[in-house]
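Under our numbering, the first residue of the sequence shown carries the number 1, and numbering increases by one thereafter.
Structure first, commentary second.
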Amino acid sequence: VFVYNYPKKIKAFYMRDNDEDGGETVNAMDLLVPGVGELVGGSQREERLDVLIEKMKELDLNVDDYWWYLDLRRFGSVPHAGYGLGFERLVTYVCGIENIRDAIAFPRYPGNAEF
């Protein structure tokens with residue numbers, strides 16, 4: 001099942017608002033599969049510097065802390081989007097594994113990380 005156009009209030013500041021509904025939702029989507037949940041998540045990113053800064057201020061984020069991110073927009077950007085696929089979640093789903101921990105090649109858990 002694909003879920004899209006999430007409410008703006010529950011998503012990240014860098015997601016682009018949907019113009020069709022006055023910015024109440026963002027242009028984002030998730031692919032949900034049975035037994036695993038979210039398999040793929042993605043969104044269109046906000047490429048307009050002025051809008052991005054305004055959204056950060058609305059969320060009480062310190063703009064100075066994000067100088068490096070804002071520079072990506074300041075020096076030119078184009079409309080773009082991104083997504084991520086959870087590889088272990090894909091293996092869990094395709095192989096019918098009950099627990100995702102059994103699909104992780106190098107699991108991390110308390111007490112197993114040696115320094």
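Each residue gets a CB set at the ideal place from its N, CA and C atoms; glycine is no exception.
The structure presented is a predicted model; accordingly, all values stated were derived computationally and were not measured.
Residue range of the alpha helix (DSSP H) that includes V33
In this chain, V33 is not harboured by any alpha helix (DSSP H); it is covered by the beta strand (DSSP E) spanning A28 to V33.
Does any heavy atom of the ligand FMN sit closer than 7 Å to the C-beta of G82?
Judged by which ligands are present, the structure shown has none, so any question about the ligand FMN falls away.
Check whether the stretch 8-28 and the stretch 40-57 are in contact - that is, three or more C-beta pairs closer than 8 Å.
Touching, yes, given that three or more Cβ pairs across the two stretches are closer than 8 Å.
Using a Cβ-Cβ cut-off of 8 Å (strictly less than) and excluding sequence neighbours within five positions of A28, which residues of its own chain qualify?
Correct list, in chain order: Y4, N5, Y6, K11, M15, G41, G42, S43 and Q44.
Flag this pair as touching only if the stretch 62-78 and the stretch 20-27 have three or more C-beta atom pairs under 8 Å; answer yes or no.
At 8 Å Cβ cutoff, the stretches do not touch.
Could you check how far apart the C-beta atoms of L116 and G96 are, in whole angstroms? I think they sit under 8 Å.
Residue 116 is absent from the model: the chain starts at 1 and stops at 115.
Looking at C-alpha atoms only, which residue of P110, R108, T92 and K55 is the closest neighbour of V36?
Nearest C-alpha to V36: T92.
Between M56, E98 and D30, which lies nearest to Y83 when the distance is taken from Cα to Cα?
It is D30 whose Cα lies nearest to the Cα of Y83.
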